Amino acid sequence: MSKPIRKAVFPVAGLGTRFLPATKAVPKEMLTVVDRPVIQYIVDEASAAGIEHFIFVTGRNKAVIEDHFDIAYELEATLKSRNKTAELELLSRYQPPAGQTSFTRQQLPLGLGHAVWCARDIVGNEPFAVLLPDMIMKAETGCLAQMMQVYAETGGNVIAVEECDPALAHQYGIVGVGESRGADAFAITSMVEKPPKGTAPSNRFISGRYILQPEIFDHLSRHEKGAGGEIQLTDAMIRLMADQPFWGTRFKGETYDCGSKIGFLAANVAFGLDRPELNADFRKEIARLLG
Numbered sequence: 024m025s026k027p028i029r030k031a032v033f034p035v036a037g038l039g040t041r042f043l044p045a046t047k048a049v050p051k052e053m054l055t056v057v058d059r060p061v062i063q064y065i066v067d068e069a070s071a072a073g074i075e076h077f078i079f080v081t082g083r084n085k086a087v088i089e090d091h092f093d094i095a096y097e098l099e100a101t102l103k104s105r106n107k108t109a110e111l112e113l114l115s116r117y118q119p120p121a122g123q124t125s126f127t128r129q130q131l132p133l134g135l136g137h138a139v140w141c142a143r144d145i146v147g148n149e150p151f152a153v154l155l156p157d158m159i160m161k162a163e164t165g166c167l168a169q170m171m172q173v174y175a176e177t178g179g180n181v182i183a184v185e186e187c188d189p190a191l192a193h194q195y196g197i198v199g200v201g202e203s204r205g206a207d208a209f210a211i212t213s214m215v216e217k218p219p220k221g222t223a224p225s226n227r228f229i230s231g232r233y234i235l236q237p238e239i240f241d242h243l244s245r246h247e248k249g250a251g252g253e254i255q256l257t258d259a260m261i262r263l264m265a266d267q268p269f270w271g272t273r274f275k276g277e278t279y280d281c282g283s284k285i286g287f288l289a290a291n292v293a294f295g296l297d298r299p300e301l302n303a304d305f306r307k308e309i310a311r312l313l314g
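In structure tokens, the structure reads:
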């Protein structure tokens, strides 16, 4: 029987340069989609999948993320004094229980693999999830929950994938497709980060959600630099694949890349329209702007 996945790592040390000047003083993960920070959607997805311990790999000027997941005494006292019970309940709903969040620093921007490696002592010797904070996944059953269902059947390492236009495969981390396991999983036969045009083994790209075994840290500890001169998580997974199986599962839902301006704007529209109290007026406003 596979060990349960209790911990999730959130690499949130990125600079967010594509959103300057907004991200000069505000972490990109704290930009809001409707009325929740981007990082809150990612944590909610992990929580819904059964994650018990949330590990944030942060950097300079990211302390506000830690504050967001802490108690705000002055705010709560003010709300109580004004009988703002609905607002208090809302804050409580998104407050992780004591002892379920950890924060560690990635002092230098050395890549995703390095960020994950920074969480090694907190993760310990057990399998764990990695959720990239730029990618908001929208589905009735969350992406990580879908992956957990596959993991229960396959064990090993599980990666969420989506399909792209084959002509754009050189822009992504791409996996090779092997035998199927049931309706939702397939064996990953190879991985390549941004393959040269025309050489990709498939059009299925890694979409920012991983379940990994702790042996990945042995490979990340080599600190070998790959594409872009950074320590790449994909390179460590390729080495681990020689000893352990990797399974892919196609995410059934919509993904919004909030690391890009178009994806961020699209996420605001999609999640705004999902809100019953906003839907009708928001549609009218969109129609007015497009009219």
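End of the sequence shown sits at 314 in our numbering; the numbers just go up one at a time, nothing left out.
All C-beta atoms in this analysis are idealised placements derived from N, C-alpha and C, irrespective of residue type, glycine included.
Bear in mind that the values here come from a model prediction, so they are computed numbers and not experimental data.
Nearest neighbour of G252, chosen from P189, A208, P132, A69 [CA to CA]: P132
Identity of the residues DSSP links to H76 by a beta bridge: K30
Whole-angstrom distance between M260 and G73, CA atom to CA atom: 24 Å
Completely contained alpha helix (DSSP H) runs for the stretch 61–132, where each covers 4 or more residues: With a minimum length of 4 residues, the continuous alpha helix (DSSP H) runs that stay inside the stretch 61–132 are 61–71, 86–91, 96–104, 108–116.
Cβ neighbour criterion (16 or more within 10 Å) applied to D157: buried
Reference I211, options Q255, I182, I239, closest by Cα: Nearest C-alpha to I211 among Q255, I182, I239: I182.
Cutoff 6 Å; reference N302; Cβ partners in own chain excluding five residues on either side: L296
Sub-9 Å separation of F77 and A31 beta-carbons: Contact flag set, yes.
Member of K217, Y195, W140 whose CA lies at the smallest distance from the CA of D241: Comparing alpha-carbon positions, the option among K217, Y195, W140 lying closest to D241 turns out to be W140.
Range of the contiguous alpha helix (DSSP H) that encloses A289: Per DSSP, A289 belongs to the alpha helix (DSSP H) from 284–296.
Three-pair Cβ contact test at 8 Å for the stretch 53–70 versus the stretch 145–164: yes
Cβ pair count under 8 Å reaching 3, the stretch 201–218 against the stretch 169–183: yes
Assigned secondary structure, Y195 (DSSP; H/G/I helix, E/B strand, else coil): coil
Where the beta strand (DSSP E) containing I159 begins and where it ends: 158–161
Alpha-carbon to alpha-carbon, Q123 and M11: The question about residue 11 has no answer here: the residues shown for the chain are numbered 24 through 314.
Integer Cβ distance of F287 from L54, believed to fall under 8 Å: 7 Å
Expected contact under 8 Å - CB spacing of L154 and L167 to nearest Å: 7 Å
Separation of G314 from E308, as counted between CA atoms: Going from the Cα of E308 to the Cα of G314 covers about 10 Å.
Option nearest Q129 by Cα separation, candidates F33, K284, T46: F33
Spatial neighbours of S283 in its chain, beta-carbon cut-off 7 Å, leaving aside the 5 residues before and after: Counting only Cβ-Cβ distances below 7 Å, and skipping sequence neighbours, we find R41.
Nearest residue (CA-CA) to Q63, options R83, E89, G82, K47: Nearest neighbour of Q63 by Cα position, chosen from R83, E89, G82, K47, turns out to be E89.
Touch test, the stretch 94–102 against the stretch 187–194, Cβ-Cβ under 8 Å, three pairs minimum: Cβ pair count under 8 Å is below three, so no.
One or two residues paired with G221 in a DSSP bridge: Note: G221 sits in no beta bridge, so no partner.
Every unbroken alpha helix (DSSP H) within the stretch 238–284, with a cutoff of 4 residues, ordered by chain: Complete alpha helix (DSSP H) runs here, min 4: 239–243, 256–263.
Cα-Cα separation, N82 to P60: The sequence shown places Gly at residue 82, rather than the Asn named in the question. Cα-Cα distance, rounded: 18 Å.
Opposing strand residues paired with E216 [DSSP bridges]: G196
Residues sharing a beta bridge with F11, DSSP: Outside the shown range of the chain (24 to 314) lies residue 11, about which nothing can therefore be said.
Whole-number beta carbon distance between F79 and F126, since they are thought to touch under 8 Å: 5 Å
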